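**Student:** The structure is given below, and queries will be raised subsequently.
In UniProt numbering, the protein residues as written are 1 to 280.
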């Protein structure tokens, strides 16, 4: 079940993506919230609503797709969380998750442009599995962690590498406006196994990253446990779980994004998130 946030007339609404169509959910009596997505009973209600509304489905091409979490309370990112990404940097596997923050205002919609800042030369792509929190989580154990997850989406953790390396910390380089494309769907935790998903990134149709979340150093339950032991996670917060090997800055020579490029990040079961790159 792929929840899709979209608009056809300027008013955001939720629907269920089915192949090349979206079944609207505006007839539900219940409000769709991230917390509701953790409730199996609510998901059964949605299934019934989809069956009843199939005759009102619209083509995806007639809708403007929107980020499933337009204003996250916080985006917590995990660095160096794939074995193959650590190997390409000749880095030791970390003993604990390496965390940094990304501004929530960096979120942008599927299809909207990634704006290449004039002051930044090295703009990079990173396909990442996004974890959307559905219930308030504080000191949650790994064994219980997935009970607090609303679902999963795809994130392109766009990175200004020169800012990142000049500052010797990540926030500025990760937080320019439009540097967090998100979507195209939000899939409930009950529908996906986050530890066994193919992930890929393509630039202008050429595959740059191809891996599987089996390469995670710290899986989703471990990450939720660790972060919730540091800071309270609330519904609508997002965890970006790290990227696999193949990022542009570590290629020889580096292969970075330029205005005119098009970037696809694809995650099994979630779909393909596509964004063009334009100059500032």
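Every residue gets a Cβ at the ideal spot worked out from N, C-alpha and C, and that includes glycine.
What you are looking at is a predicted structure, and each value in this text was computed from that prediction instead of being measured.
Return the residue from the list 199, 224, 208 and 205 that minimises the CA-CA distance to residue 214.
**Tutor:** As a working note, residue 214 is residue 214 in the chain shown. Comparing Cα-Cα distances from residue 214 to each of 199, 224, 208 and 205, the minimum goes to 199.
**Student:** What are the residues that DSSP puts in a beta bridge with residue 2?
**Tutor:** Translated into positions along the chain shown, residue 2 becomes position 2. BP columns for residue 2 point to 17.
**Student:** Hey, quick one: how far does the beta strand (DSSP E) through residue 80 stretch, first residue to last?
**Tutor:** Here the question's residue 80 lines up with position 80 in the chain shown. Premise fails: residue 80 is in no beta strand (DSSP E) and is neither H nor E.
**Student:** Is it true that the CB of residue 261 sits closer than 8 Å to the CB of residue 203?
**Tutor:** Numbered from 1 along the chain shown, position 203 holds the residue referred to as residue 203. Numbered from 1 along the chain shown, position 261 holds the residue referred to as residue 261. The answer is yes: Cβ separation under 8 Å.
**Student:** Report all residues from its chain with a CB closer than 8 Å to the CB of residue 8; omit the five preceding and five following residues, and keep chain order.
**Tutor:** As a first step, residue 8 must be located in the chain shown, where it is residue number 8. 58, 62, 63 and 64, listed in sequence order.
**Student:** Could you tell me whether the stretch 130-143 touches the stretch 28-38, where touching means 3 or more Cβ pairs closer than 8 Å?
**Tutor:** With the cut-off at 8 Å, the stretch 130-143 and the stretch 28-38 touch.
**Student:** Pull up the CB-CB distance for residue 67 and residue 5, whole angstroms please, since I reckon it's below 8 Å.
**Tutor:** On the chain shown, residue 67 is found 67 positions in, with the first residue counted as 1. On the chain shown, residue 5 is found 5 positions in, with the first residue counted as 1. Their Cβ separation, rounded to whole angstroms, is 7 Å, which keeps residue 67 and residue 5 in contact under 8 Å.
**Student:** Assuming residue 195 and residue 220 are in contact, meaning their beta carbons sit under 8 Å apart, how far apart are those beta carbons, in whole angstroms?
**Tutor:** As a working mapping, residue 195 is identified with position 195 in the chain shown. As a working mapping, residue 220 is identified with position 220 in the chain shown. With a Cβ gap of about 7 Å, residue 195 and residue 220 count as contacting.
**Student:** What does residue 250 pair with, by DSSP beta-bridge criteria?
**Tutor:** Locating residue 250 in the chain shown gives position 250, counting from the first residue. The partner list for residue 250 (beta bridge, DSSP) is empty, contrary to what the question assumes.
**Student:** Beta-carbon within less than 7 Å of residue 280's beta-carbon, same chain only, minus the 5 sequence neighbours each way: which residues are those?
**Tutor:** Looking up residue 280 in the chain shown gives position 280. Excluding residues within five positions, the ones whose Cβ falls inside 7 Å are 115, 116, 117 and 118.
**Student:** Is it buried or exposed, residue 163, if we count other Cβ atoms within 10 angstroms and call 16 or more buried?
**Tutor:** Looking up residue 163 in the chain shown gives position 163. With 16 or more other Cβ atoms within 10 Å, it is buried.
**Student:** Alpha carbon to alpha carbon, how far is residue 30 from residue 82? Give it in angstroms, no decimals.
**Tutor:** Translated into positions along the chain shown, residue 82 becomes position 82. Translated into positions along the chain shown, residue 30 becomes position 30. Looking at the two C-alpha atoms, the distance is approximately 38 Å.
**Student:** How many whole angstroms separate the CB atoms of residue 244 and residue 211, which I take to be in contact at a CB cut-off of 8 Å?
**Tutor:** For the purposes of this step, residue 244 is taken as residue 244 along the chain shown, with counting starting at 1. For the purposes of this step, residue 211 is taken as residue 211 along the chain shown, with counting starting at 1. Yes, they are in contact, since the Cβ atoms of residue 244 and residue 211 sit about 3 Å apart, within 8 Å.
**Student:** Give the DSSP-derived three-state secondary structure of residue 266 in the structure shown.
**Tutor:** Numbered from its first residue, the chain shown carries residue 266 at position 266. Note: residue 266 maps to strand in three-state DSSP.
**Student:** What does the alpha-carbon distance come out to for the pair residue 55 and residue 216?
**Tutor:** Residue 55 sits at position 55 when you count from the first residue of the chain shown. Residue 216 sits at position 216 when you count from the first residue of the chain shown. Taking the straight line from one Cα to the other gives about 41 Å.
**Student:** Does the distance from the C-beta atom of residue 189 to that of residue 149 stay below 8 Å?
**Tutor:** On the chain shown, position 189 is the one that residue 189 refers to. On the chain shown, position 149 is the one that residue 149 refers to. Cβ distance < 8 Å, so residue 189 and residue 149 count as in contact.
**Student:** Short check: CB of residue 15 to CB of residue 25, under 8 Å?
**Tutor:** As a first step, residue 15 is located in the chain shown; it is residue number 15 there, counting from the start. As a first step, residue 25 is located in the chain shown; it is residue number 25 there, counting from the start. Yes, they are a contact pair.
**Student:** Over the uninterrupted beta strand (DSSP E) stretch that includes residue 164, give me the two end residues.
**Tutor:** Residue mapping note: residue 164 aligns to position 164 of the chain shown, counting from 1. Segment 161-167 is the alpha helix (DSSP H) holding residue 164; no beta strand (DSSP E) there.
**Student:** Helix, strand or coil: which one does DSSP assign to residue 98?
**Tutor:** Translated into positions along the chain shown, residue 98 becomes position 98. DSSP places residue 98 in strand when its eight states are reduced to three.
**Student:** Please state the DSSP three-state secondary structure of residue 142.
**Tutor:** Counting from one through the chain shown, the residue named residue 142 turns up at place 142. Looking at residue 142 - three-state DSSP - the assignment turns out to be coil, as it is neither helix nor strand.
**Student:** Between residue 277 and the rest of its own chain, which residues show a CB-CB distance below 6 Å, the 5 nearest in sequence each way excluded?
**Tutor:** The sequence position of residue 277 within the chain shown is 277, counting from 1. Within the same chain, residue 277 has close Cβ partners 114, 116, 257, 259 and 261.
**Student:** From residue 180 to residue 108, what distance separates their C-alpha atoms?
**Tutor:** Locating residue 180 in the chain shown gives position 180, counting from the first residue. Locating residue 108 in the chain shown gives position 108, counting from the first residue. Going by the C-alpha atoms only, they are around 6 Å apart.
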